[in-house]
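Peer 1:
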Amino acid sequence: MIKIDYDVVGMIGTNCYLIEDEASGALAVIDPGDHSDAVISEIDRRGGKLDYILLTHGHYDHVLGVAELCERYHPTVCAAQKELLLISEPSYNLSKKHGLAIPPFTVDRPLKDGDIVILGESEIRFLLTPGHTMGSGCYIVDDCIFSGDTLFCTSIGRTDFPTSSMRDMMKSIERLRDLDGDYRVFPGHDMFTTLNQERKYNPYMQ
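Following my numbering, the numbering of the sequence shown begins with 7 at its first residue and continues without gaps.
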């Protein structure tokens with residue numbers, strides 16, 4: 007089982023998640039979109055070891071804090087294989103548009119659909135869900151989906167950016183809708199939800 011903490015970071019309010027495998031104490035951060043005193047304090051309080059950084063996609067507001075955490079803790083950075091170009095290209099990751107420079111970092115483990123990341127005794131499954139970007143993905147562990155900018159409460163991520171595709175997005179949303187059972191959904195922005203709530207109220211899941 008995992009324990010979840012989070013902080014809202016950056017100029018447009020990105021949900022940065024700290025997850026802990028309760029059996030082992032192993033830690034991962036999902037989408038460090040900017041500096042977070044709260045996340046760093048929690049990592050240090052729990053022993054100062056960060057095992058993974060898991061990226062749902064490569065837009066600047068989800069990766070600006072990666073290099074800082076890498077320098078401090080030396081975790082393994084994971085992102086979709088299909089997202090590597092976007093991460094490295096300022097015009098694709100939107101940093102150029104906003105006059106920002108993303109401190110450089112390396113994706114240590116490129117992921118493909120269905121890959122498993124082992125966090126202590128927890129298995130985290132990567133689900134490739136293109137649409138918002140070509141390599142957007144979700145991380146599924148226990149009864150939780152960390153959906154990045156794919157699925158939001160009663161909405162979905164934008165599809166008007168470089169490498170976006172509304173057609174791909176709808177296929178990805180259908181894939182999430184058709185998962186067995188209910189899940190808690192932790193998106194990249196705004197409020198948490200559940201998959202059953204989205205099946206009922208999200209117009210894109212109808």
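Don't be surprised by glycine CBs; every beta carbon is placed ideally from N, CA and C. A quick note: this is a predicted structure, and the numbers were derived from the prediction, not measured.
Using the Cβ count rule (16 or more neighbours within 10 Å means buried), how would you classify I18?
Peer 2: So I18 ends up on the exposed side.
Peer 1: Does DSSP put K103 in a helix, in a strand, or in coil?
Peer 2: coil
Peer 1: Any idea if R184 is buried or exposed, counting beta-carbon neighbours within 10 angstroms, 16 or more meaning buried?
Peer 2: Position check: residue 184 holds Asp in this sequence, whereas Arg was assumed. Answer is exposed; the Cβ neighbour count stays below 16.
Peer 1: Alpha carbon to alpha carbon, what distance is there between G64 and N99?
Peer 2: 6 Å
Peer 1: Extract the residue ranges of the beta strand (DSSP E) inside the stretch 75-102, only unbroken runs of 3 or more that lie entirely within it.
Peer 2: 82-86
Peer 1: In angstroms, rounded to a whole number, what distance separates the CA positions of T199 and F111?
Peer 2: 31 Å
Peer 1: Taking the straight line between their C-alpha atoms, what separation do you get for T160 and R181?
Peer 2: The alpha-carbon atoms of T160 and R181 are separated by roughly 16 Å.
Peer 1: S30 to P136, Cα distance in whole Å?
Peer 2: 32 Å
Peer 1: To test your reading of the DSSP string, which unbroken beta strand (DSSP E) runs of 3 or more residues are found completely within the stretch 106-174?
Peer 2: 115-117, 122-125, 128-134, 143-147, 150-154
Peer 1: Whole angstroms is fine: what's the gap from N208's alpha carbon to L133's?
Peer 2: N208 and L133: Cα-Cα distance of roughly 20 Å.
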